[in-house]
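>
Chains as they are written, first to last, in full-length UniProt numbering: chain A, 1 to 215; chain B, 1 to 348.
Spelled out as C-alpha cells, the structure:
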C-alpha cells in the first residue's frame, strides 16, 4: 500500500466516523463540531487530489466562517432532549423507507456501467511549477465566465434577500446614529452660567442645637 | 538532511529532519512569547510611569520563567457542570492553529519550513480555525460570563476576517502570487530601487492600516478585547480556566500576536528587505534581522495601543468592521485595479 493510499484510508475512516457522529450525537453542539471535523478531513481528501486551492478554501469558507455562525446559533438553542427522542419509533418506518430508497439509488448509480467509475484515471502528476490557483483563475475568467458571473449574481441576491428579510425597523428599538453623535458640539449640551456667589448664611439653627447637646 | 537520510533511510530521514525544523521554529517562538509578556508589562509600566516587574532575576528578566513555573504547578480546576472533554479541547483548538500557521512563514528566502504555493491562503485558513478554541471554551465552561465572551468573540472575529481578507487581496493583486516569498521579493523592485518606498505599505496604505487594526481585533487585544472585558464579564471565555489550561490560551494569544506582526512585516513592510536601497553597503543588505526589527516594532505598537486606548463599545466595534473597513478595502481594491491597468502602473 502506497503512502497516499494509507493517508486516504485514514482520512476516510475519520470522515465516515465524523459523519456518523454528526447524526448520532445527542448534543447539537457536539454534532456541529463533528461536522467541522468532517469538513476538515474532506479538505485533506482534496489535497490528495492535488487541488490545494479548493482544499484550503473549503477550510476557509466552511470551517472558518459558515460553521462558526452555525455553532453560534446552535449553542444558544435550548433543546429538550426528551422531546427530541419522543417521536423516534413513530417516525422510524417512514425515515427507514426514505433512507433505503436513497441507498438503493446511490448503489444503482455507482455500480451501473454507464457511470464508468473504473474508467477514471489517477490524476496525472503535475509539474513542480504548476500553479493550481492560476489555472483555476484562468478557467473561471475565460471558459466558464458566464456560469461564474451567474453564480456571483445569485450569491449577491442571497445576500440582499437575507438582509431584506431581517431588516425590519422596529419602532421601539433604541439605537444611536454615530454621525449625529460626532456632530454634537459643547454648546448643544452644556450651558455655562455666570452667577454671583450666594451670600454666606451666618447663624444656622442646627449648629446651635448641637452645641446645646454637647454642653 | 542528507545525514539523517543516510542514517535512517529516505522517508524516516525526511521525517526526522522536518521534526527538527519544527522544534527549531516552535522553541524560539515560545521563548519570544514568554519575553513578549515581560516586554508588555515593562512597556506599559513605563508608559504609565511605573517600573513594572523588577524582582525576579536581574531587572526582572527571569519573571516570565517564574510565571511559567507557577502556572505549570497550579491545579487545573474542572467545573462540576462543565463539558469535560470540550473544556480540555478548547485550549488545544486555540494553540494548534496559532502554531500550525508558522509552517509557511518564511524568515529568509530559503528559510521556510514549507514553501507552498498558496501560503497566504493557508495562513488565512488556519488562523480562521483559532476562533473555535474561544467558542468551545466559552460554551464548555457552562458559565454565563464565559458564554457571553465566546459570543462576542465569535461575532467579532468573523466580521474582521472579511476586512482582513480584502486587505490581503490587494497584496496578492500587486504581487500576482499567493506565495509569501514571492510577495516579499516583489516588494524589492519598483520605486526607489527596492527601498522603504517600494514596499506595499505605500500604494496600499489604507489596506495596511485596515490589516493592522483588524489584526489587533483578531487577536482580541485592547482596544478590541471585549471577549475578555474584565470590567464587564470578568475574564470572558477563559474565566473558568486555571493553571496550565489558562496558560495555553495565553500562549496562543501571544503567538497569534507575533504571527500577525510578522505577516504585516512580510506583506506590507518588505519582510527581510532593508529599508535602504540595495546599492548601500552593509545596511542595504537584506537579512533576518530586518524582519525581526519590523515585527518587533509592530508588536511594540500592539502594546502601545493597549496602554493608550480605552475599550471600544461593542456596537462601535461592529460598525468599524462592517461599515468602515470593508467599504474602504473594497474601494481601494478598485483603485488599485485601475492603477495597475493604467499607463502609470508601477507593477509590470
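Where is the CB? At the ideal position from N, CA and C, for every residue including glycine.
How big is the Cα-Cα spacing for residue 56 of chain B and residue 272 of chain B?
Cα to Cα, the separation comes out at about 35 Å.
> Nearest CA to the CA of residue 29 of chain A: which residue from A:70, A:90 and A:179?
Per the Cα distances, A:70.
> For residue 119 of chain B, does the three-state DSSP call read helix, strand or coil?
Residue 119 of chain B falls in the helix class under three-state DSSP.
> Could you check which residue in B:68, B:21, B:14 and B:18 has the C-alpha nearest to that of residue 35 of chain B?
Of B:68, B:21, B:14 and B:18, the residue nearest in Cα terms is B:68.
> Residues in the same chain with beta-carbon distance under 7 Å from residue 264 of chain B, minus the five sequence neighbours each way, listed in chain order, please.
Cβ within range, chain order: 211, 212, 215 and 298.
> What is the residue span of the alpha helix (DSSP H) that residue 99 of chain B lies within?
Unbroken alpha helix (DSSP H) run through residue 99 of chain B: 84-100.
> Can you grab the Cα-Cα spacing for the pair residue 215 of chain A / residue 48 of chain B, in whole Å?
For residue 215 of chain A, the pLDDT reaches just 45, beneath the cut-off of 50, and the residue's location in the model is therefore unreliable, although a value from the coordinates is still provided. Cα to Cα, the separation comes out at about 53 Å.
> Return no unless some Cβ of chain B is closer than 8 Å to the Cβ of residue 101 of chain A.
Not an interface residue.
> Quick check on residue 12 of chain A: does DSSP put it in helix, strand or coil?
Helix, per DSSP.
> If contacts are defined as beta-carbon pairs under 8 Å, then residue 63 of chain A and residue 39 of chain A qualify, I think. What distance do you get, rounded to the angstrom?
Rounded, the Cβ-Cβ distance is 5 Å, consistent with contact.
> Under a three-way DSSP split, which group does residue 183 of chain A fall into?
Three-state result, residue 183 of chain A: helix.
> Tell me which residue opens and which closes the alpha helix (DSSP H) that residue 214 of chain B is part of.
Counting along the chain, the alpha helix (DSSP H) containing residue 214 of chain B begins and ends at 205-218.
> To the nearest angstrom, how far is the alpha carbon of residue 175 of chain B from that of residue 134 of chain A?
So the alpha carbons of these two residues sit roughly 13 Å apart.
> Would you grab the beta carbon distance between residue 137 of chain B and residue 146 of chain B for me? Rounded to a whole angstrom, and I think it's under 8 Å.
Indeed, because the Cβ distance is near 7 Å, the residues count as touching under 8 Å.
> Going along chain B, which residues have a C-beta under 8 Å from residue 65 of chain A?
Near residue 65 of chain A (Cβ distances below 8 Å), the residues of chain B are 128, 158 and 161.
> Could you spell out where the alpha helix (DSSP H) holding residue 76 of chain A opens and where it closes?
Taken as a continuous stretch (DSSP letters only), the alpha helix (DSSP H) holding residue 76 of chain A covers 67-76.
> Can you round the beta-carbon distance between residue 201 of chain B and residue 300 of chain B to whole angstroms, since I take them to be within the 8 Å contact cut?
In fact, because the Cβ distance is near 17 Å, the residues do not count as touching under 8 Å.
> Let's test the definition: count the other Cβ atoms within 10 Å of the Cβ of residue 289 of chain B and tell me whether it reaches 16, buried, or not, exposed.
So residue 289 of chain B ends up on the exposed side.
> At which residues does the alpha helix (DSSP H) containing residue 142 of chain A begin and terminate?
Taken as a continuous stretch (DSSP letters only), residue 142 of chain A belongs to no alpha helix (DSSP H), as it is neither H nor E.
> Can you check whether the C-beta of residue 319 of chain B is within less than 8 Å of a C-beta belonging to chain A?
Closer than 8 Å: yes.
> Buried or exposed for residue 94 of chain B, please, with buried defined as at least 16 other CB atoms from any protein chain shown within 10 angstroms of its CB.
Buried, since its Cβ has 16 or more Cβ neighbours within 10 Å.
> According to DSSP, is residue 306 of chain B helix, strand or coil?
The answer is helix: DSSP assigns residue 306 of chain B an H, G or I state.
> In whole angstroms, what is the alpha-carbon distance linking residue 213 of chain A and residue 200 of chain A?
For residue 213 of chain A, the pLDDT reaches just 48, beneath the cut-off of 50, and the residue's location in the model is therefore unreliable, although a value from the coordinates is still provided. Near 25 Å, if we compare the C-alpha coordinates of residue 200 of chain A and residue 213 of chain A.
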